[in-house]
Amino acid sequence: MDVTELKALGKARLDDEDLDGAMEAFENATRAAPSDHEAWFHLGVARFQAGQLEAAADAMTTASKLEPDDPDTWRVLGSILDDMEELDRAIDAYKKAIAIDDRDVESWNNLGYVYIKQERARDAIAALERAREIAPDDPGVLFNLAKMQMEVQDWSGAIKTCQRAVEIDPEDPEAWCNLGTAWFKDGDGDATAAIDAFEKAIKMDPEDELAWYNLGIARRASGNINAAIDALQKALAIDGENGHVLYNLAAALLIQGNRKKAMDYLEKAIAIDDEIAGEVLEDEDFAKLRGDPRFVQLTRSHDERDDEE
Numbered sequence: 012m013d014v015t016e017l018k019a020l021g022k023a024r025l026d027d028e029d030l031d032g033a034m035e036a037f038e039n040a041t042r043a044a045p046s047d048h049e050a051w052f053h054l055g056v057a058r059f060q061a062g063q064l065e066a067a068a069d070a071m072t073t074a075s076k077l078e079p080d081d082p083d084t085w086r087v088l089g090s091i092l093d094d095m096e097e098l099d100r101a102i103d104a105y106k107k108a109i110a111i112d113d114r115d116v117e118s119w120n121n122l123g124y125v126y127i128k129q130e131r132a133r134d135a136i137a138a139l140e141r142a143r144e145i146a147p148d149d150p151g152v153l154f155n156l157a158k159m160q161m162e163v164q165d166w167s168g169a170i171k172t173c174q175r176a177v178e179i180d181p182e183d184p185e186a187w188c189n190l191g192t193a194w195f196k197d198g199d200g201d202a203t204a205a206i207d208a209f210e211k212a213i214k215m216d217p218e219d220e221l222a223w224y225n226l227g228i229a230r231r232a233s234g235n236i237n238a239a240i241d242a243l244q245k246a247l248a249i250d251g252e253n254g255h256v257l258y259n260l261a262a263a264l265l266i267q268g269n270r271k272k273a274m275d276y277l278e279k280a281i282a283i284d285d286e287i288a289g290e291v292l293e294d295e296d297f298a299k300l301r302g303d304p305r306f307v308q309l310t311r312s313h314d315e316r317d318d319e320e
């Protein structure tokens, strides 16, 4: 078989999800024509799909040297390097793709995502804003942008982004959950709108622990304590080891007047996450417990308890 036939065979096997067969065909193609960019590119794709990341990066790097002006090659190389946690190299690859094609929305979005992983919020937002300019209705772009807007506490910006996301896909529970969070955090917090958004998210995904948790927080803030307890208990049923669910459930139970049960949940919360001991001391809902010996013992710093031990 000549190189054209080998490449066609490899593509057919890729379409059939026969990754071993595809890799074999493309490897034979690269041996038959070592300077064939397409053969190296598709070999990299096949290896990437097979989870052979280092080998995929090697093939795609070879492809990039053969055709350095192909944005697709740089973008896929960036994705491979991202999966390898070679984040600086991934950024460099995405930037090269963008330098060739400034309207490559996937590279802009992926670049923003890598910046998110590096906790470079402002750089992430700049990249994602550019992606949104190019593709204002791309759900992935809107999701990543909203995430970073919330990270920097740009609640009004996050509200607009999330509203657009749910307009595009009203059946996306994650978008509704993000919208609820942004509404709740914006200014004094719109608990009513937030509750409605969280309830929509839960209707679509009843196993969404975060939506149940956020619903409980919003209901607690609105004064609907019984409903808050119900939501937090549902979150706890999904993940019984979430310290902040336990902490907020303790607060709601204390407001309800169930002091002993509140203390039991608080003890579990602090055992899971020692930082909660500091948070609870600043929570006015627990002010009535500050003279309680059990509460005092629970809220001592981690270092003080370690010294005693």
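Number 320 marks the last residue of the sequence shown (the working numbering); no jumps. Ideal Cβ positions, reconstructed from N, Cα and C, are used throughout, including at glycine. Just so it is clear, the structure is predicted and the values come from calculations on it, not from any experiment.
C-alpha gap between residue i and residue j, whole angstroms
i    : j    : result
I236 : G227 : 9 Å
E252 : D81  : 48 Å
Q244 : D134 : 38 Å
K76  : L92  : 16 Å
V125 : A70  : 22 Å
L260 : F297 : 12 Å
D47  : D83  : 15 Å
D26  : E130 : 37 Å
E117 : G268 : 53 Å
R301 : A262 : 13 Å
A142 : T73  : 28 Å
I111 : A104 : 11 Å
D113 : A212 : 35 Å
E78  : T41  : 15 Å
I287 : D180 : 36 Å
E140 : E65  : 31 Å
D275 : K106 : 52 Å
E210 : D216 : 10 Å
A23  : E182 : 35 Å
L156 : E178 : 16 Å
D284 : L277 : 10 Å
D303 : V291 : 14 Å
E293 : R311 : 13 Å
L98  : E295 : 43 Å
Short Cβ contact (8 Å threshold) for residue i with residue j
i    : j    : result
D13  : A43  : yes
I206 : S233 : yes
R230 : A222 : no
I281 : L264 : no
L153 : A138 : no
A67  : G21  : no
A108 : W85  : yes
Nearest candidate by alpha-carbon position, reference residue i, set the options
i    : options                : result
S90  : T192, N120, E144       : N120
E96  : I127, K76, G198, A57   : I127
E162 : A146, P184, I136, R270 : I136
G198 : I170, I213, T15, A110  : I170
H255 : K271, N269, Q267, G289 : G289
A132 : Y105, I111, Q160       : Q160
R100 : D112, I111, V87        : V87
R270 : R305, F209, T172       : R305
F195 : D216, I283, A262, D165 : D165
Q63  : M34, A157, T73         : M34
I145 : P217, Q174, D115       : D115
K158 : G55, W187, T15         : W187
I266 : K299, L247, D284, L292 : K299
P45  : G32, V307, T15         : T15
Opening and closing residue of the alpha helix (DSSP H) in which residue i lies
i    : result
G254 : 254 to 267
T15  : 14 to 26
S75  : 64 to 77
F154 : 150 to 162
R133 : 132 to 145
T84  : 82 to 94
G251 : Here G251 belongs to no alpha helix (DSSP H), and DSSP marks it neither H nor E.
R114 : Premise fails: R114 is in no alpha helix (DSSP H) and is neither H nor E.
Q308 : 304 to 309
F6   : Coverage of the chain is limited to positions 12 through 320, which leaves residue 6 absent and any answer about it impossible.
K271 : 270 to 283
E178 : 166 to 179
F297 : Taken as a continuous stretch (DSSP letters only), F297 belongs to no alpha helix (DSSP H), as it is neither H nor E.
A61  : That residue, A61, is in no alpha helix (DSSP H); it is neither H nor E in DSSP.
N225 : 220 to 233
D201 : No alpha helix (DSSP H) holds D201; DSSP gives it neither H nor E.
E38  : 30 to 43
Whole-angstrom C-beta distance between residue j and residue i, which should lie under 8 Å
i    : j    : result
L17  : A61  : Not confirmed; about 18 Å, so no contact.
A176 : P150 : 6 Å
D219 : P184 : 6 Å
K272 : L257 : The Cβ separation is near 11 Å, so there is no contact.
A208 : L190 : 5 Å
A193 : C173 : 6 Å
L54  : E28  : L54 to E28, Cβ: 16 Å. No contact.
Y224 : A246 : 4 Å
Cβ-heavy atom distance, residue i to the ligand FAD, below 7 Å
i   : result
T73 : Annotation note on the ligand FAD: not contained in the displayed structure, which lists no ligands.
Min CB distance residue i to chain E below 8 Å
i    : result
K171 : Among the protein chains of the structure shown there is no chain E, as only one such chain exists.
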